[in-house]
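> The structure that follows is given in the form of structure tokens.
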Amino acid sequence: MSEFESSTSNVVSATDSDTNNIDSIKREAEKVLPCALADFAGALSWQIPLSVEQKKQVLEAVRLFIAGLDDTPQPDQGLLELMNIEQPLAADALRDPARALETLIAGTRGQALGLAVQTHLKGFASDVSVNDYALAALQLDLDPQSIENHQRNNVAGFDLDSKQHWGEPVAAVFNKLREHLIKDRVCNSEMAGLGAYLLLARHAPLFLIKDLPTAVKYGGPAWFNLSVAAATIEAESPGKVAKMKFAQVMVCAESAALIDPAVTQYAQTVTLIDWGVVHGLVERKNDGHYTPAELDVLKTRFNEALADRLNTPILLSSVFPSRKEIARAGLKKEFGENYPIEEHVLEWDRSVGAKIVGALSPVPSAIQGPVGMHTLLDVAMMDGTYKWKTSHSLVNFRIHDINELDLRVRRIFNREFEATLNHLKEGTRLTIRHLISELPLEDRENIEYGKIDFYQDKTIKAGLQFHDKFVRAGNQNLTLRVEQGIDKKVSVYYIDLKAGSITKKDVDPVTQTDRVSVHIPSVSYGVRPFYLADRDIAKKLKRRPSPSWTFPVPDSYSSERTRIIADAFVEHLDYDSEDILKAAEGLTTWDQEVEVLERSVKFLLNLIPFKSAISNFIDGKYLDGAIDLFLDVLGFVTAGVSATAKLAQLGARTASALSKALKAAKIIGALVIGELNPFSGLHGLASGGARLAGNGVKFLANRGLGNIARLRGGAAGSYELLQAVGKQHGTALPGTWKVGEQNIAGIGVLKNDQWYPYNPVNNRIYGAPGNFQPRQGRLGSLSGVDAGYADRYAGFSANIAAARTPLNFPAFRKAYDDGLDILEAITDYSFRMDTQQLVELAAQPGRRPEEMGALVREIEDSLFDDATFYTNLLRQDMPKGVTVEPFSQCYFLARVDMASNGRCAALSYAMAYAYLHRREGTLLSNVLKAAEKQTHPQAARFISALEKSQQRLGPKYSFHTGGAPKKMDAQNIIDELVASRDSKILMIGTKSHGMVAGTRFTGGKQEWFFFDPNSGMAIFETRQTLQQGLSKAFGNGSLASTFKTYGKKRGGADYAVNEFRPGDVELTDVRDTLEKFSAMPLSV
0 MSEFESSTSN VVSATDSDTN NIDSIKREAE KVLPCALADF AGALSWQIPL
50 SVEQKKQVLE AVRLFIAGLD DTPQPDQGLL ELMNIEQPLA ADALRDPARA
100 LETLIAGTRG QALGLAVQTH LKGFASDVSV NDYALAALQL DLDPQSIENH
150 QRNNVAGFDL DSKQHWGEPV AAVFNKLREH LIKDRVCNSE MAGLGAYLLL
200 ARHAPLFLIK DLPTAVKYGG PAWFNLSVAA ATIEAESPGK VAKMKFAQVM
250 VCAESAALID PAVTQYAQTV TLIDWGVVHG LVERKNDGHY TPAELDVLKT
300 RFNEALADRL NTPILLSSVF PSRKEIARAG LKKEFGENYP IEEHVLEWDR
350 SVGAKIVGAL SPVPSAIQGP VGMHTLLDVA MMDGTYKWKT SHSLVNFRIH
400 DINELDLRVR RIFNREFEAT LNHLKEGTRL TIRHLISELP LEDRENIEYG
450 KIDFYQDKTI KAGLQFHDKF VRAGNQNLTL RVEQGIDKKV SVYYIDLKAG
500 SITKKDVDPV TQTDRVSVHI PSVSYGVRPF YLADRDIAKK LKRRPSPSWT
550 FPVPDSYSSE RTRIIADAFV EHLDYDSEDI LKAAEGLTTW DQEVEVLERS
600 VKFLLNLIPF KSAISNFIDG KYLDGAIDLF LDVLGFVTAG VSATAKLAQL
650 GARTASALSK ALKAAKIIGA LVIGELNPFS GLHGLASGGA RLAGNGVKFL
700 ANRGLGNIAR LRGGAAGSYE LLQAVGKQHG TALPGTWKVG EQNIAGIGVL
750 KNDQWYPYNP VNNRIYGAPG NFQPRQGRLG SLSGVDAGYA DRYAGFSANI
800 AAARTPLNFP AFRKAYDDGL DILEAITDYS FRMDTQQLVE LAAQPGRRPE
850 EMGALVREIE DSLFDDATFY TNLLRQDMPK GVTVEPFSQC YFLARVDMAS
900 NGRCAALSYA MAYAYLHRRE GTLLSNVLKA AEKQTHPQAA RFISALEKSQ
950 QRLGPKYSFH TGGAPKKMDA QNIIDELVAS RDSKILMIGT KSHGMVAGTR
1000 FTGGKQEWFF FDPNSGMAIF ETRQTLQQGL SKAFGNGSLA STFKTYGKKR
1050 GGADYAVNEF RPGDVELTDV RDTLEKFSAM PLSV
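Number 228 in numbering that gives the first Met the number 0 belongs to position 229 of the sequence shown; there are no gaps in the numbering.
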């Protein structure tokens, strides 16, 4: 597995220009194609997944398949090994696992295995179904425990999120899984690499990325960014990540995140939770349920750590002040641009020297005053201590001003010098905190809970006398000696800020002896204890917890222990050394001051990581390299793009400020966690928090086309899609698949009276027949069917009334006009919701005005979509030669009474009277006019009368008049209408919906009609078109599939039918009202 070997840098190198480098990597990434078998999950990655029972059937099929083989399996042979027996793969072939797996699946045994599983599950056969079933068999054979106990981050009993991986290189996980498969005898040593690849390709392709730097460690910032990037890319193109290099994944991270925000938010959330577990901020939960408060804490802490990491290189690269530049700026302001400030024309006026000799401190006493000629720049840096004279005419003209000059250079210098030192201290503290937090868990626990002593590296020089020894600092590194546990086990850690590392050492400083220099025998090197100045603070590092205590995962970045160690490191560096301060402050001539300042700068720059790799530090150009290289330590990826002069110290730590800082610095792939609402697309899976779905990001990505989630007909292309599928495969409808406890939106295709899943991405039917519920015509429900209707309607009406009060209406209206963000933030909202579910959500008590505004707009849009959807289904079912008049009560209700279940009973009876009197066109027109002009008095009366008629006729016993209705199927209804020799109208009911069909004669010619209040009216002129049309509408067509008919348990589709008699006594009280609906056109 040589492609999984790691490189050593976290920074993607650049060759020519920064932009060209990134563009080149992007072009390379675009050329990377997913594996031919995608993520090698096969049937396990279908949009409508296999149920638990079906997965068990897959393993049963595998058992039968193996039993039928000629080979007798050996103890270390699983399905993978058995597939490799017939034509064994060579060692070279196994080094390319993707190609090797493709070869096995395409082989004789691979195809036979897939066919055996497909046959056993009665799966739909397609050009790829055998491969899909074979891959599912391999996956489940390697990981059978996942069938009933699937856990995120766990494959074949191997915990990808194991504490043993924390702080360790991500690249090492692959080999650990391989060893686990061998140890548990899941695979033999020859095929274990292939087995590990197969499992990770499906579950965690992050661990298959090529050229993974060793600096990318599990739980670290680079891991976080890589994990999210890999998940979003994989969701869009399954099987691609395993073929990509580290640099390609990171460069593509930003564009991949924009493809599907829901997928990106989910990936960020699950990775953030894993990050929080690693860093001791939340506990790992088996049920994966985390509250909004827990997620908010994680988001805040993550962004705070990101802000610290952005600030750290700036702090550590703070520029020291220059007295010369301070003075130059002051002189420019005082004397103008071209004044001779650097000409040596000024001489100390000795005539006043005797009076001020005593005031020359801190000038050494050996110097009586400035000697020789000086520049005005020199004078300015002496802060007015001396009096001067000159023979230069221009300068002499302002000699009085010069002698009174006080630019306060020293004060400004001291203030800026102190600020620089403070920045260096804080940068050092943040770096130490970061380095500790990135250690493996065992080391973090040692440091957090052990007894700590500090040791410094020292250089010891022998004096002239035997006992004389001079000890000075050997370097700026610090050693931590840690005792842990009842047996006082010693661990030694070596902090090297310059290298940006904390490493473990085998030598105990207590027993370490001095090492004599091979070049200078009088010099030796060793360690000496370092004691904190504050003894009370030091005591906190001496306490060892009881061995019986259970230690929580330490919050290593922010714990008190870590902060004490960071402060101790700063103290050990002795930034506040009197020698440095005196050297910087106590000089009187410019040349001497420059010399000492240079020494000070060199000393302090040596503390900056990677200084040795930068050749131009002292020339004032060190900032570029220091920042870029230090970003590597902090887990950023710059892709060779210099961050110099683009990073600015952060003031605000908002997500917006962090994002701007990252973009300005051109740091790629680094994520800022914004608002977390990752489960809005998983309605029913979570409530009041985040519950991680086992199939996670792929679950979201597998929604397929955006319009499938809703597919109400209004979405662009949805009707055309269904129509095309219907022509090619048979009746196709959107609806809900029941898989275990999950309800998954999708498309079903009806074949042989059974529903099969359909994949719109590749235009294939797949899988076995399943539990599919087509989208139902719930609007127009007959009373008694929907038990929760009354409460839902009352709650919705109350919330609407409250939202539309004068005080609340502005907020309601604003959200109605533009409230998508508000809608997505509503708990339990999902864009998969149908109209009734949206009304139920809006009916919940306590809805705020803005929530109601956003929900009302969504319900209205849903009803408009419903109207288009149902009218399109009617059109789809009707043959050529049939006149279809599109009409839907959904449109009426969206305008008039969106919480209502509908007016199907009233509209059906109104149509019966209208058809009887040949006024059906007037009725349809009047309903639409009333909806459009509902405030008009005539329209308002029409709407009110229609509602009252529905209340009267809506109950089942009221809809069917003239005695008990007959149960009739589609052909019975057709025969009844064809056989009639006089006008006849039939009232047709399902369990929840009312419709009407009939016949009449015009000029001796018979004609027929069918009216569904949800979809419209169809007019038939021939028996042939009637037979074809109603066979579809009531039998095996798309519209019929949405009806809740009687007799489905017996495999039939029956309707409750009674003949309409206009003079029936049961209609006496509503007959006039029903006839008036079409008596004349509304004048509105």
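Glycine residues also receive a C-beta, built at the ideal position from the N, C-alpha and C atoms.
Spatial neighbours of E1074 within its chain, please: C-beta separation below 7 Å, excluding the five flanking residues on both sides.
Excluding sequence neighbours, E1074 sits near Y912.
> Curious, which full-length alpha helix (DSSP H) runs of at least 4 residues does the segment 978 to 1037 contain?
1022 to 1030, all fully within the segment 978 to 1037.
> Would you be able to state if there are at least three C-beta pairs under 8 Å between the segment 261 to 269 and the segment 220 to 232?
Contact between the segment 220 to 232 and the segment 261 to 269 is present, because at least three Cβ pairs lie under 8 Å.
> Hey, how far is the Cα of P508 from the Cα of K488?
If you take the alpha carbons of P508 and K488, they lie about 14 Å apart.
> Excluding sequence positions up to five away, which residues of its chain have a Cβ less than 8 Å from the Cβ of R542?
Contacts found: K450.
> Just the C-alpha distance for M910 and W1007, rounded to the nearest angstrom, thanks.
Those two C-alpha atoms are separated by around 13 Å.
> What residues match up with A1055 in a beta bridge as DSSP calls it?
Beta-bridge pairing links A1055 to K966, G988.
> Give the straight-line distance between the Cα atoms of G279 and D456, rounded to the nearest whole angstrom.
Using only the alpha carbons, I get a separation of about 33 Å.
> Taking 8 Å as the cut-off, decide whether the C-beta atoms of I423 and L314 are in contact.
Inspection of the sequence shows that residue 423 is occupied by Leu rather than by Ile. In this structure, L314 lies closer than 8 Å to L423 by Cβ.
> Could you work out which residue in V1056, V277, F334 is closest to K983 when comparing CA atoms only?
When only C-alpha atoms are compared, the closest one is V1056.
> What's the call for I564, buried or exposed, on a 16-neighbour Cβ count within 10 Å?
Buried, because 16 or more other Cβ atoms sit within 10 Å of the Cβ of I564.
> Could you tell me whether the segment 330 to 346 touches the segment 425 to 438, where touching means 3 or more Cβ pairs closer than 8 Å?
Verdict: no, contact absent.
> Quick one: Cα of I401 to Cα of V370, how far?
C-alpha separation (whole angstroms): 18 Å.
> Looking only at its own chain, which residues have a Cβ that is under 7 Å from the Cβ of Q591, when we skip the five neighbours before and after it?
At Q591, the pLDDT of 49 sits below 50, so the modelled position is not reliable and the matter cannot be decided from this model.
> Excluding sequence positions up to five away, which residues of its chain have a Cβ less than 8 Å from the Cβ of T512?
Contacts found: G525.
> Helix, strand or coil for S1134 per DSSP?
Outside the displayed span of the chain (0 to 1083) sits residue 1134, for which this structure offers no information.
> Could you pull out every unbroken beta strand (DSSP E) segment of at least 3 residues lying fully inside the segment 280 to 360, listed in chain order?
The qualifying runs are 345 to 347.
> Inspect the beta-carbon positions of G988 and P954 and report whether they are closer than 8 Å.
Result no, Cβ atoms of G988 and P954 do not sit closer than 8 Å.
> Given that a residue counts as buried once 16 or more other Cβ atoms are within 10 Å of its Cβ, and exposed if not, what is T107?
Classification of T107: exposed, given that the 10 Å Cβ count is below 16.
> For the beta strand (DSSP E) holding L749, just list the boundary residues, first then last.
From DSSP, the beta strand (DSSP E) with L749 extends over 741 to 750.
> Where does I626 fall in DSSP's three states?
For I626, the predicted structure reports a pLDDT of 46, less than 50, and the residue's modelled location is therefore unreliable. A value from the coordinates is still provided. Helix at I626.
> Would DSSP call S380 helix, strand or coil?
The question names Ser, but residue 380 in the sequence shown is Met. In the structure shown, M380 sits in a helix (DSSP, three-state: H, G or I).
> Excluding five sequence neighbours on each side, which residues of the same chain lie with their C-beta closer than 7 Å to the C-beta of Q1005?
So the list reads T998, once near-sequence residues are dropped.
> Within 10 Å of its beta-carbon, does T561 have 16 or more other beta-carbons around it, so buried, or fewer, so exposed?
Burial call: buried.
> Using C-beta distances below 7 Å, list every residue in its chain close to S226, excluding the 5 sequence neighbours before and after it, in chain order.
For S226, where only same-chain residues beyond five positions count, the Cβ hits under 7 Å are L205, T270.
> Just the C-alpha distance for H935 and V1083, rounded to the nearest angstrom, thanks.
Cα to Cα, the separation comes out at about 7 Å.
> Please go through the same chain and pick out, in chain order, the residues whose beta-carbon is closer than 6 Å to the beta-carbon of L420, but skip the five residues on each side of it.
Y574, listed in sequence order.
> In whole angstroms, give me the CA-to-CA distance for I536 and A567.
Whole-angstrom Cα-Cα distance: 10 Å.
> For W45, which option in A135, P87, F334, R62 has the closest C-alpha, if you only look at C-alpha atoms?
If we check each option's Cα against that of W45, A135 comes out closest.
> By DSSP, does Y908 sit in helix, in strand, or in coil?
Three-state result, Y908: helix.
> If we ignore side chains and look at the alpha-carbon of each, how far apart do I972 and Q1026 end up?
Their Cα atoms are separated by approximately 10 Å.
> Which one of I84, L927, D295, A60 has the shortest CA to CA distance from T118?
Out of I84, L927, D295, A60, A60 has the C-alpha closest to the C-alpha of T118.
> For a quick check, are the C-beta atoms of N148 and D160 less than 8 Å apart?
The answer is no: Cβ separation not under 8 Å.
> Report the option in A969, K298, F1019 whose CA atom is closest to the CA atom of S1030.
The residue with the shortest Cα to Cα distance from S1030 is A969.
> So which of I208, L429, L81 has the shortest CA-CA distance to V185?
Nearest C-alpha to V185: L81.
> Measure the CB-CB distance between F550 and Y454 and report whether it falls below 8 Å.
Not in contact: F550 and Y454 (Cβ atoms no closer than 8 Å).
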